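Since the structure comes first, as structure tokens, the remarks are kept for the end.
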Amino acid sequence: MKYLLVLAALLPLAAGARGEAPMQKVTIVAKKDSEWHSYRHAYSAAAFFEKFTRTRPLIQAHMQIRPNRKDLPMDGMRIELEGETSSADIAVDRIGRATVPMLKQAYVEDAVLRLNRLKGNYHFSGRYSIREREDGVYRVADLRAACDQLLSAQRESGYRLRLIGKKCAGVSFIYALADAGKEIRFTDGTQRVTVLAAVDGQPFENDTMGLFKVARFRFADWPAEGTVTTSARPIAIGTVYD
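Residue numbers for the sequence shown, in mature numbering (1 follows the signal peptide of the UniProt record, and there is no 0): -17 to -1, 1 to 225.
What follows is the structure, given as structure tokens:
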């Protein structure tokens, strides 16, 4: 998706002499130059991955928009579905995830998914993650089970070779850098509370997503009985493998 930089009409030099403020540069997204993706492909991928989350209630799968470079912004992204008679605006969260609407008419029309970003800078992919809880309370046993569910889903859906020898070691709670004040607390069986440290880091395995606040909860470092409580809903919860 390319951006067309449309310069405002230049004022006569005399206008500058009168002290008028210069016209600002306006950025307009040109649809013909925007990053795009086949809706049929996204629809088929969503249906495919749903088979692996259907029996794994602790995890979820999304379409994800990923930048090709670290310096590309993730804020303000949105997707527009365009077909002959079909249209929809698809929300994109702060880490690039979006839920694909299952619209048969758009599939028949071979609709297009357009991202409001310049072509060549982002790409459409997929992402498994652990489901976030509304109450912010996660039993350690459930986090272990969620990590196991995600790892098995990845293996069964085509990533077996990449994950040979990998095992679940923990989970990561991901926040925006601006959310530095959010607390993540572990409470053990004696009700002793410990705050987990969050550091600037990559949210997932690829290094093009930019920096986020990441708190890693490694199972070996904590008692098996207890709960992790978040003071605010994380953007996402990922897995940690060894």
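Quick reminder that beta carbons are idealized off the backbone N, C-alpha and C, glycines included. Just so it is clear, the structure is predicted and the values come from calculations on it, not from any experiment.
Partner residues in a beta bridge of Cys130, as assigned by DSSP, do not exist.
Closest in alpha carbon position to Val197, among Ile48, Tyr142, Ser21, Gly184, is Gly184.
Leu64 is the residue among Leu64, Ala136, Asn51 whose C-alpha sits nearest the C-alpha of Val95. Remark: fewer than three beta-carbon pairs, one from each stretch, lie closer than 8 Å, so the segment 117 to 130 and the segment 91 to 107 are not flagged as touching. Thr213 and Thr68 have their C-alpha atoms spaced approximately 43 Å apart. By the neighbour-count criterion, in which a residue is buried when 16 or more other Cβ atoms sit within 10 angstroms of its Cβ, Glu166 is exposed. The segment 37 to 74 is shown to contain whole beta strand (DSSP E) runs of 3 or more residues at 42 to 50, 61 to 65, 70 to 74, in chain order. With the rule of 3 Cβ pairs closer than 8 Å, the segment 215 to 222 does not count as touching the segment 169 to 178.
Nearest C-alpha to Ser27 among Ala71, Leu86, Asp54: Leu86. Closest option to Gly59, judged by alpha-carbon separation, among Thr36, Val75, Gly148: Val75. When the alpha-carbon of Pro84 is set against those of Asp131, Ala25, Arg39, the nearest one is in Ala25.
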